[in-house]
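Per full-length UniProt numbering, the sequence shown starts with residue 1, numbered consecutively. Reading through the structure tokens given below for one structure.
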Amino acid sequence: MVPFSILDLSPVAEGSTISQSFESSKRMAQKAEELGYNRFWLAEHHGMPGVASAATSVVIGHVGAATSRIRIGSGGVMLPNHSPLVIAEQFGTLEALFPGRVDLGLGRAPGTDMRTAQALRRNIDAGAQSFPQDIVELQHLFSPADDNQVILAVPGHGANIPIWLLGSSLYSAHLAAMLGLPYAFASHFAPEALMDAIAIYRERFTPSATIDKPYVMVGAMGAVADTDEEAQYHFTSAQQQFVNLRRNVRGPFPRPRSDMDDFWTPMEKLNVENTLRYAIVGSPETAEKKISQFIRDTEADEVIISMPIHDIKARLKSVELFATLPSFKKVS
1 MVPFSILDLS PVAEGSTISQ SFESSKRMAQ KAEELGYNRF WLAEHHGMPG VASAATSVVI
61 GHVGAATSRI RIGSGGVMLP NHSPLVIAEQ FGTLEALFPG RVDLGLGRAP GTDMRTAQAL
121 RRNIDAGAQS FPQDIVELQH LFSPADDNQV ILAVPGHGAN IPIWLLGSSL YSAHLAAMLG
181 LPYAFASHFA PEALMDAIAI YRERFTPSAT IDKPYVMVGA MGAVADTDEE AQYHFTSAQQ
241 QFVNLRRNVR GPFPRPRSDM DDFWTPMEKL NVENTLRYAI VGSPETAEKK ISQFIRDTEA
301 DEVIISMPIH DIKARLKSVE LFATLPSFKK VS
């Protein structure tokens, strides 16, 4: 048994509005808290009509105000898009509003295409190269201020905000180990490097003031329903989204389809199924077999699940059914 957490992108479902997306995220966070999930994280993406969580800290505040115990945070903030001071102020504000509940997960990718990244008015190449230094700067900004400190994060200085490193490559594993930070790997869309990355992280981990031993959280997409067939039907929305991403087709999060064969090519099917190889899709019995094997293989300390399901009622049902699995460790 390990704690389960949720990664949400406030999906803008086909036929709905952005306002409804935020309402759905709120309902999902409330259900997760009620059932004993550990965290509810939101991810920064830009320029995607199917994703509404671009202003990530604002949406974190929205779900934080609707809950009282569950940890809230980013999975993640794409630090090259921002100055460390701005992020320190935003998350210092969140910590002041929701004391003891806020996590700051950081990623190195832009979370968008290159043109949109440039429109964010940052030098993306320089930002990626300075990523380690920016993390150290953030840690300093969160530290108690000394008398001669010129730059203050207000709110932010003295805030007790755990920093996580998120990644989908071996680079992130080396960096998380060097800095002694908890590590979350994006195996829900980058499965190839998963085992090597977590092995490197554990082997090279250096204890720090943050944590004294490695802590690994692994990502998985998931859809659990009463039957395998129903779960697979709901999961076709995610499969379509991945195909659309590769085709550079932008649109809202698609409705599920009864038949995918008239949508994707055999090569697209092969690529998507390989990318989503760790997806937990099926009835509770099927889901438990998959997720328990995933936990055994990775020896993960925690699992974070993205539930890309078009219908909010089915999404909430999936949240409930995941919490019934024997692998689920309830957090009080």
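Just so it is clear, CB atoms sit at the ideal spot from N, CA and C, and this is done for glycine as well.
What are the boundary residues of the beta strand (DSSP E) that includes Asp103?
For this step, residue 103 is matched to residue 103 along the sequence shown. Taken as a continuous stretch (DSSP letters only), the beta strand (DSSP E) holding Asp103 covers Val102 to Gly107.
Arg108 burial status per 10 Å Cβ neighbour count (16 or more: buried)
Here residue 108 refers to the residue found at position 108 when the sequence shown is read from its first residue. Result: buried.
Validate contact between the stretch 190-202 and the stretch 131-138 using beta carbons, cut 8 angstroms, 3 pairs
no
Could you check what DSSP says for Val12 in three-state terms: helix, strand or coil?
Looking up residue 12 in the sequence shown gives position 12. In this structure, Val12 counts as coil in the three-state DSSP scheme.
Completely contained alpha helix (DSSP H) runs for the stretch 42-101, where each covers 4 or more residues
56-65 and 84-97
Select from Leu120, Ser143 and Ala287 the residue whose C-alpha is nearest the C-alpha of Val224.
Along the sequence shown, read from residue 1 onward, the residue named residue 224 stands at position 224. Measuring from the Cα of Val224, the nearest candidate turns out to be Ala287.
By a C-beta neighbour count over all protein chains shown, 10 Å radius and 16 as the cutoff for buried, is Lys213 buried or exposed?
Along the sequence shown, one-based indexing puts residue 213 at 213. That one is exposed.
Can you check which of these residues, Gly219, Met78 and Asp103, is closest to Glu44 by C-alpha distance?
Counting from one through the sequence shown, the residue named residue 44 turns up at place 44. With distances taken between Cα atoms, Glu44 lies closest to Met78.
Measure the beta-carbon distance from Gly251 to Leu166 and round it to whole angstroms, keeping in mind my assumption that it falls under 8 angstroms.
Here residue 251 is taken as the residue at index 251 of the sequence shown, counted from 1. Here residue 166 is taken as the residue at index 166 of the sequence shown, counted from 1. In fact, because the Cβ distance is near 26 angstroms, the residues do not count as touching under 8 angstroms.
Which whole-angstrom value describes the C-beta separation of Glu302 and Val2, a residue pair presumed to lie in contact below a C-beta threshold of 8 angstroms?
Numbered from 1 along the sequence shown, position 302 holds the residue referred to as residue 302. Numbered from 1 along the sequence shown, position 2 holds the residue referred to as residue 2. Glu302 to Val2, Cβ: 6 angstroms. Contact.
Could you give the C-beta distance for Gly282 and Ala231, rounded to a whole number, given that I count them as a contact under 8 angstroms?
Locating residue 282 in the sequence shown gives position 282, where the first residue counts as 1. Locating residue 231 in the sequence shown gives position 231, where the first residue counts as 1. The Cβ separation is near 5 angstroms, so the contact holds.
Taking Ser74 and Ala52 to be in contact with their CB atoms under 8 angstroms, please state how far apart those CB atoms are, rounded to whole angstroms.
The residue labelled residue 74 in the question sits at position 74 within the sequence shown. The residue labelled residue 52 in the question sits at position 52 within the sequence shown. At roughly 15 angstroms, the Cβ-Cβ gap does not stay under 8 angstroms, so Ser74 and Ala52 are not in contact.
Residue burial classification, Gln118 (beta-carbon count within 10 angstroms, cutoff 16):
Taking the sequence shown and counting its residues from 1, one reaches residue 118 at position 118. Flag for Gln118 reads exposed.
Within the present structure, is the beta-carbon of Pro207 separated from the nearest heavy atom of the ligand ZN by less than 8 angstroms?
In terms of ligand content, the structure shown is empty, and the ligand ZN therefore cannot be addressed.
Please state whether DSSP places Glu23 in a helix, a strand or coil.
The residue given as residue 23 occupies position 23 in the sequence shown. Helix at Glu23.
Mark Met114 as exposed unless 16 or more other C-beta atoms lie within 10 angstroms of its C-beta, in which case mark it buried.
Position 114 of the sequence shown, counted from the first residue, corresponds to residue 114. The residue is exposed, with fewer than 16 neighbouring Cβ atoms inside 10 Å.
So, does the stretch 305-320 touch the stretch 241-258, judging by three or more C-beta pairs under 8 angstroms?
yes
Given this structure, state the Cα-to-Cα distance separating Pro284 from Val150, to the nearest angstrom.
The sequence position of residue 284 within the sequence shown is 284, counting from 1. The sequence position of residue 150 within the sequence shown is 150, counting from 1. Cα to Cα, Pro284 sits roughly 55 angstroms from Val150.
Reduced DSSP secondary structure (H/G/I, E/B, other) of Glu192:
If you number the sequence shown from 1, residue 192 lands on position 192. Here Glu192 sits in coil by DSSP.
Range of the contiguous beta strand (DSSP E) that encloses Leu179
Within the sequence shown, the letter at position 179 stands for residue 179. That residue, Leu179, is in no beta strand (DSSP E); its alpha helix (DSSP H) goes Leu170 to Leu179.
Beta-carbon gap between His188 and Ala279 smaller than 9 angstroms
Stepping through the sequence shown from its first residue, residue 188 is reached at position 188. Stepping through the sequence shown from its first residue, residue 279 is reached at position 279. Yes. Within cutoff.
Rounded separation between Ala209 and Gly100 - CA only:
Working through the sequence shown from its first residue, we reach residue 209 at position 209. Working through the sequence shown from its first residue, we reach residue 100 at position 100. Going from the Cα of Ala209 to the Cα of Gly100 covers about 17 angstroms.
Distance between Asp134 and Ile211 (C-alpha atoms, nearest Å)
For the purposes of this step, residue 211 is taken as the residue at position 211 of the sequence shown. For the purposes of this step, residue 134 is taken as the residue at position 134 of the sequence shown. If I take the Cα positions, the gap works out to 19 angstroms.
Rounded to the nearest angstrom, what separates residue 333 and Val319 at their Cα positions?
Since the first and last residues shown for the chain are 1 and 332, residue 333 lies out of range.
Return the first residue and the last residue of the beta strand (DSSP E) that Phe253 is part of.
For the purposes of this step, residue 253 is identified with residue 253 of the sequence shown, where counting begins at 1. No beta strand (DSSP E) holds Phe253; DSSP gives it neither H nor E.
Limits of the alpha helix (DSSP H) - the one that Val243 falls within
Your numbering for residue 243 matches position 243 in the sequence shown. Run containing Val243: Asp228 to Arg247, per the alpha helix (DSSP H) assignment.
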